[in-house]
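In what follows, a structure is listed as structure tokens, so that the remarks can point back to it.
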Amino acid sequence: MPANAILRGRRWTGDCYDASKDPDENGHQDWILGRILWLSGMESGVNRGGYCDTFRRYIYIHGTADTARLGQSVSAGCIRMSPEDVCILFPETTPGLPVFIGLQPPVDFPR
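Going by UniProt numbering, the sequence shown wraps up at 111, each residue one higher than the last.
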């Protein structure tokens, strides 16, 4: 699957994002591109279980067409990367791999 593959419902639509087109011509402006790493929280009541559950809220690490705003808080929780970078990261991960998002992982964080 190409890095600019458009994903919807965690599946490739068969279409690819074309950056040379006007955003309105692409038909959508908040694309999920390339690959998805679907996150699952580790802390009950914080990001696991109930309404705060990361997995049930479909929180991902994923590629985005909006690379100009990488590093900014622009989503409801997803971590956005360039499509090329998430395609490099994806094969380096395995299901269940602990992921810490923050400045300093806790001492007891599984490695």
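Here a beta-carbon is modelled for each residue, glycine too, at the ideal position from N, C-alpha and C. All values derive from a computational prediction rather than experimental measurement.
| Query | Result |
| --- | --- |
| Check each candidate in Pro2, Gly9, Ile88, Arg11 and name the one with the smallest Cα separation from Tyr17. | Pro2 |
| Measuring alpha carbon to alpha carbon, tell me which of Ala65, Ser75, Ala68 ends up nearest Arg57. | Ser75 |
| Comparing alpha-carbon positions, which option in Gln104, Gly96, Gly77 lies nearest Asp53? | Gly77 |
| Do Ala65 and Leu33 have their C-beta atoms within less than 7 Å of each other? | yes |
| What residue does the beta strand (DSSP E) around Cys16 start on, and which one ends it? | 11-16 |
| What's the C-alpha gap between Glu84 and Ala5? | 11 Å |
| For Val46, which residues of its own chain have a beta-carbon under 7 Å away from its beta-carbon, when the five flanking residues on both sides are left out? | Cys52 |
| Whose C-beta lies closer than 8 Å to the C-beta of Ala19 among residues of the same chain, with five residues either side of it excluded? | Asn4, Ala65 |
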